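In numbering that gives the first Met the number 0, the protein residues as written are 0 to 413. For every residue, glycine included, the Cβ atom is placed at its ideal position computed from N, Cα and C. The model shown is predicted, which means the values in this text are computed figures rather than measured ones.
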Amino acid sequence: MRILIFGINYSPELTGIGKYTGEMGAWLAARGHDVAVVTAKPYYPEWDVHLAYKGTGWMTERIDGVTVHRVPLYVPKEVTSKKRILHEFSFLGGILPKWFGLLLKKKYDVVINITPPFHLGFYAWLYAKMKDAKLVTHIQDLQVDAAKELGMISNERLLNLMFKAEKHLLTSSDVVSSISLGMKKKILAKGVLDQKYIMFPNWVDEQTIKPLTKMQSLRDEWGIPLTDTVVLYSGNLGEKQGLEIIIDAAKQFSDRPDVHFIICGSGGARGRLKAMAEQAGLKQIRFYPLQPYEKLSALLATADVHLVLQKKSASDLVMPSKLTGILAAGGCSIVSALPGTSLYEIVDIHHLGILIEPESVEALTNGLQQALDTDLSPYRERARQYAERFLSKEQVLQEFERNLVRLTSHEKQT
């Protein structure tokens with residue numbers, strides 16, 4: 000198959016949507032498909048264009064057998080709702096000349112649109128319509144719902160317009176996929192037919208990310224005794240997670256020098272969190288940059304307890320991608336989620352971690368105390384078993400490929 004992917008994030012970004020889209024593109028190319036991607040210069044999660052791509056305009060490169068068309072875009076140093084909108088629209092504007100060029104080339108059989116941003120789908124939809132290709136819309140984050148529920152956009156007229164545009168793109172797609180059951184329910188409520196929906200969860204390479212001993216972790220490099228307790232938050236330091244409560248909860252353990260809090264990553268909230276920790280005089284909180292992929296297993300093995308934290312309003316709109324790696328590494332997590340959400344149900348049914356109320360310092364403090372007082376080895380064993388059974392990279396991507404083959408085979412038969 001000839002496959003064209005539209006997505007703002009792509010390899011070599013190490014985390015978030017770009018990681019998964021990059022791995023998907025490389026995997027499909029390795030299977031013999033002709034894959035091309037239209038994407039931005041890599042900038043996430045640092046919100047700074049990677050050094051090797053600075054000062055360049057439109058460019059094309061080959062990564063892992065994939066033809067990658069990169070377009071310039073505006074990347075704000077300080078991320079606000081308004082600046083994020085400008086950021087996304089600058090990407091859409093940058094795509095235009097490349098999009099016209101693709102129209103003049105040989106047709107792609109399938110167009111895969113990765114959302115967010117949801118309005119990127121108009122390019123994918125128009126290409127599919129004009130070239131008679133199949134359109135797959137894959138949703139990593141229900142962006143319009145999140146913008147409303149998190150209060151990022153309050154203008155009702157604008158929100159209604161965005162919901163109508165989103166509905167058009169979804170119902171015009173041949174296939175719509177997402178990463179969780181909670182998202183599926185919301186997508187079907189937007190008018191998507193059940194037979195058009197497929198589940199396409201985020202995966203993990205369980206052969207690469209696996210349980211390691213503390214001796215194999217980063218404790219020695221970071222000067223942390225093997226007998227001490229490490230609480231780790233690793234990932235995007237953004238506003239959706241409500242990460243301030245880590246600092247507030249750490250205050251409750253200020254008399255425990257054997258309990259270390261590590262915040263690993265970058266994002267819009269990093270500077271503020273670091274300032275809060277310094278102001279509170281919390282010496283047991285450490286900040287590290289996002290670690291390279293080859294160190295991920297060692298990083299995850301450093302922790303006794305992992306934090307998977309979100310705000311109440313985001314808990315069924317976003318399935319945290321960091322959880323897949325934690326599970327594959329056999330980690331025990333404290334997870335903030337509301338009952339009835341996909342995240343809560345997965346953790347609860349499979350006993351994968353300690354569930355707490357979102358946005359509650361008291362709940363997080365109690366969860367941490369419970370973790371300190373509990374044998375966590377059963378959680379760790381179940382986590383690895385779940386990853387092997389449900390999140391295997393090969394299984395997930397093979398099933399997605401089968402869906403693409405069925406989609407294009409049906410087109411040829413009709």
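Approximately 16 Å separates the beta-carbon atoms of Ile178 and Ile4; this is outside 8 Å, ruling out the contact. The same chain holds no residue with a CB closer than 8 Å to that of Asp374 once the five nearest residues on each side in sequence are set aside. Shown here for Val203: same chain residues with a beta carbon closer than 8 Å to its own, the five before and five after excluded, namely Thr323, Gly324, Leu326, Ala327, Ala386, Leu390, Ser391, Lys392 in chain order. A distance below 8 Å separates the beta carbons of Glu165 and Phe117. When DSSP reads this structure, Ala35 sits in a beta bridge with Leu3, Thr66. According to the DSSP assignment, Val175 belongs to the beta strand (DSSP E) that extends over 174-177. Between Val404 and Pro200, the C-beta gap is not smaller than 8 Å, which leaves the two residues out of contact. Under the three-state reduction of DSSP output, Lys282 falls in the coil class, being neither helix nor strand.
Approximately 6 Å separates the beta-carbon atoms of Val191 and Thr170; this is inside 8 Å, confirming the contact. The secondary-structure analysis by DSSP pairs Gly352 across a beta bridge with Ser332. By the CB criterion at 8 Å, Thr14 and Leu289 fall inside the cutoff.
The three-state secondary structure of Val191, taken from DSSP, is coil. Looking at the DSSP output, Phe260 shares a beta bridge with Val230, Ile284. Met198: member of the beta strand (DSSP E) spanning 196-198, first to last residue.
Burial state of Glu155 is exposed, judged by a 10 Å Cβ sphere holding fewer than 16 other Cβ atoms. Excluding its 5 nearest sequence neighbours in each direction, Met58 has C-beta neighbours in its own chain below 6 Å: Arg69, listed in chain order.
For Ser312 against Glu148, the beta-carbon gap comes to about 4 Å, under 8 Å, which counts as contact. Here DSSP, grouped into helix, strand and coil, assigns Ser408 to helix. In the DSSP assignment, the residues bridged to Ser391 are Val203. Residue ranges of uninterrupted beta strand (DSSP E) with 3 or more members, entirely inside the stretch 96-160 and ordered along the chain, are 109-114, 133-138.
Taking the CA atoms as reference points, Tyr42 sits about 25 Å from Ala29. In the structure shown, the three-state DSSP call for Thr212 is coil. Assigned with DSSP and collapsed to three states, Glu358 falls in coil, not helix or strand.
Scanning its chain for C-beta atoms nearer than 6 Å, with the 5 sequence neighbours on each side dropped, one finds around Thr66 the residues Ala35, in chain order. Note that the C-beta distance between Lys209 and Ser296 is below 8 Å. In the three-state DSSP reduction, Arg271 falls in the helix class (H, G or I). Looking at Lys273, Lys133, Glu344, Ile2, the one whose alpha-carbon comes closest to that of Gly31 is Ile2.
DSSP places Leu72 outside both helix and strand once states are collapsed to three, so it counts as coil.
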